[in-house]
Amino acid sequence: MTATAEKLVSMRDAFGDKLLAMTREHDNIYVLDGDLATSTKLDKVAEQNPDRFLQMGIAEQNMLGVAAGMAASGLQPWVCTFATFLVKRALDQIAVSIAQPMLDVKLVGAYSGLLTGCTGKTHQGIEDIAIMRSLPGMTVLAPADSVELEQMMEYARSIKGPVYIRVARDAYPVLFDGGYRFEAGKGVWLRKGTDVAIISSGTQTSRALAAVDLLAAEGISAALLHLPSIKPIDREAIERAARMTGAIVTAEEHSIIGGLGSAVAETLVETTPVPMERVGVMDVNSESASNDELLRKYGLTPEDIARKAKTVLARKSG
Amino acid sequence: MEQTMERTADLEIRELKRIATEVRVSVIKTVHLAGAGHIGGPLSAADLLTALYFRVMNVRPEHPDWEDRDRFVLSKGHSAIALYSVLAERGYFPKQELSTFDKLDSRLQAHPDMKLLPGLDMSSGSLGQGISAAVGMALAAKLRNKTYRTYCMVGDGESQEGQVWEAADIASKYGLDNLTVVLDWNQLQQYGWKGTDGRERRTPVEHPAERWRAFGFHVIEIDGHDFADILRAFEEAKAVRGKPQIIIARTVKGKGVSFMEDSHHWHSRVPTAEELARAINELRGGTAS
């Protein structure tokens, strides 16, 4: 496994293809769209299995409620729209109509994170994890690549109850092979190391892998723990990372407030407090620009992760 | 023959009135005991809910999860105590349990919780949401070729939520003729506006029928306290094809107790022991208007 895996696969295409396959295999799955099917790739279902596609129009609050009613009637609706509209515009609907009654609705936040195709802060989704993990009973998942995404979708289908999956817009290196098995609440060790442990999630994991290589070139041994499941979270693996290295850096394509970094910090302060640094979007409003420009300006590049690793190392030895 | 049928209908209506009276007594007693809760809205909805659970809906209280049952969603969830009182009368759970309303560990939450109480088809409480769930239930029936019907009660204050109209749009778009919405049009809300008639705490919409018609609904306007009217309206609704229906029921907040009727003070006031006794006396004695 390398940081510069040759094969790139579009996350949204993988999502659309997998969902289409699932609607063909399972007769209780229906797909609800908030008029973004061509962006989210729900159009694959709309065009190839139209009986399972329901257009709910540009009205997210109602869409979530309709999904709740369908789930209460024995169906398994999959709702997909941009993460920011899903979890912010329709948050009360998710909380009251879906999470509190623990209804079997699958929530897919498309265009999650900072890289949303030059659409800017109104369309980026960098608070979704913070918001969703605060809801009792909600499972919160962030895949690193298309293989993991497909497995998460299978997992979500197999359990009864609400699950939130964040899906990136663009193509990402395929990190996992066919033998990989996603498990809710389980972390995945991608690199062994002794000086510092990077804990990453979602799309930031491939950038964290690159950071491990950058650090290795400087003689620093960095471990990499990938946490695809943010709720439930693998507390044991986090504690192990802290005990093994005594220095932690978290990396996520999400706000610095309330996401993976916060979840890891909560575990560390309660169990194994060690120096820790967080890589994420600082508490500022972002803007529209190309992916590379955004990653650089908002501090999410492999170099940024490596720099924070050195900062935490200095704190550890100081 | 015709005379016999009329007599049967009279008997039926007398029985529904008797049940609705017991429902009202339960509402007022329970709120008095709990020291909290809503009264005005539950009393305005009591007759409609009684008609639904005792005559209109196809339900089996001994088997509340029966797959083909008709569904009911109380979108105006703060009138939960009226729904609980009707469910208890109908035999879903023992009437004594009403005394646990709003208490720690009770199945009878301030707003309906489907996880706790069998017989509740949906949780609600945050206004505007229940009607969307009802649309989802009706849509599910269409998708799966099920014959059950879905009923949903919304409030007129609640109808200020935009989600109500998002839901109406989709119900209409998908031609959900298996969905009947009931508007408990009592024209009062918690604080509201001063009405054109100078009265306080009024809801703003004077002509809801025009709105719902514009959203593609079959509209039926009735007196929400006249059982003959109520039963006729539900019959008419059932026969409609290709369109969702709304029964706009003109109701009186606090209906049945003279000193509570049409008074915003009783939106969520708790009656004293003396007021409770007077209210029960009026209800059972039938001296209220």
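Chains as they are written, first to last, in the numbering used here: chain A, 37 to 354; chain B, 4 to 292. Positions of the beta carbon are idealized from the N, C-alpha and C atoms, including for glycine. All values reported here derive from a predicted model rather than from experimental measurement.
- Comparing alpha-carbon positions, the option among A:P209, A:G149 and A:A283 lying closest to I201 of chain A turns out to be A:G149.
- For E169 of chain B, the residues of chain A that pass the 7 Å Cβ criterion are A95, Q97 and N98, in the order they occur in the chain.
- In the three-state reduction of the DSSP assignment, P209 of chain A falls in the strand class.
- S75 of chain A and V320 of chain A have their C-alpha atoms some 26 Å from each other.
- Within the same chain, V89 and R93 come within 6 Å of Y56 of chain B by CB-CB distance, once the 5 residues on both sides are set aside.
- Chain order gives no chain A residues near M263 of chain B, where near means a beta carbon separation below 9 Å; the closest approach is about 29 Å.
- Distances from the alpha-carbon of E190 of chain A to those of A:R343, A:K344 and A:F51 put A:F51 closest.
- At a C-beta separation below 8 Å, M117 of chain B has these neighbours in chain A: A108 and P137.
- Taken in chain order, the members of the segment 119 to 150 of chain A whose beta-carbon sits within less than 7 Å of a beta-carbon on chain B are D128, Q129, V132, S133, Q136, P137 and M138.
- The segment 201 to 215 of chain A makes contact with the segment 174 to 193 of chain A; the number of CB pairs closer than 8 Å reaches 3 or more.
- Between D73 of chain B and chain A, the shortest Cβ-Cβ separation is not below 8 Å.
- A direct Cα-to-Cα measurement between M99 of chain A and T241 of chain A gives close to 32 Å.
- Residue environment: W269 of chain B is assigned as buried (16 or more neighbouring CB atoms within 10 Å of its CB, all protein chains considered).
- For the 8 Å CB-CB criterion, L260 of chain A and L245 of chain A form a contact.
- Proximity of chain B to V102 of chain A at the Cβ level (cut-off 7 Å) is accounted for by S135, V138, G139, L142 and I173, in chain order.
- Excluding residues up to 5 positions away in sequence, G44, S47, A48, L51, K79, S82, M156, V157, G158, D159, G227, A252 and T254 lie with their Cβ nearer than 8 Å to the Cβ of D187 of chain B in the same chain.
- In the three-state reduction of the DSSP assignment, M318 of chain A falls in the coil class, being assigned neither a helical nor a strand state.
- Judged by pairs of C-beta atoms under 8 Å, the segment 290 to 306 of chain A does not touch the segment 211 to 221 of chain A, as fewer than three such pairs exist.
- Taking a contact as a CB-CB distance under 8 Å, the pair W196 of chain B and R205 of chain B counts as one, their CB atoms being some 6 Å apart.
- Interface with chain B (8 Å Cβ-Cβ cutoff): G197 of chain A is excluded.
- Contact of Q193 of chain B with chain A is not assigned, every C-beta pair being separated by 8 Å or more.
- The count of Cβ pairs closer than 8 Å, one atom from the segment 173 to 180 of chain B and one from the segment 94 to 103 of chain B, stays below three, leaving the stretches out of contact.
- Between Q132 of chain B and Q166 of chain B the beta-carbon gap is near 6 Å, inside 8 Å, which marks them as a contact.
- Fully contained in the segment 83 to 146 of chain B are the following alpha helix (DSSP H) runs of length 4 or more, in chain order: 83 to 93 and 133 to 146.
- For M174 of chain A, there is no enclosing beta strand (DSSP E), as DSSP marks it with neither H nor E.
- Close partners of L111 of chain A in chain B (Cβ separation under 8 Å): A143, L146 and R147.
- The beta carbon of Q166 of chain B falls within 8 Å of a beta carbon belonging to chain A, placing the residue at that interface.
- It is roughly 18 Å from the alpha-carbon of N85 of chain A to the alpha-carbon of L142 of chain B.
- Spatial neighbours of E213 of chain B in its own chain (CB-CB distance under 7 Å, excluding positions within 5 residues in sequence) are not present.
- Put simply, the CB of D13 of chain B is far from chain A, with every gap to its CB atoms at 8 Å or more.
- In this structure, G105 of chain A sits near M140 of chain B, with a CB-CB distance shorter than 8 Å.
- Taking every protein chain shown into account, the CB of N189 of chain B has 16 or more other CB atoms within 10 angstroms, so this residue is buried.
- Around the CB of N61 of chain B, fewer than 16 other CB atoms lie within 10 Å, so the residue is classed as exposed.
- Of the residues assessed, Q129 of chain A falls on the buried side of the cut-off, its CB having 16 or more other CB atoms within 10 angstroms.
- A direct Cα-Cα distance of roughly 19 Å separates L146 of chain B from K241 of chain B.
- Interface residue (Cβ-Cβ distance to chain A less than 8 Å): G219 of chain B is not classified as such.
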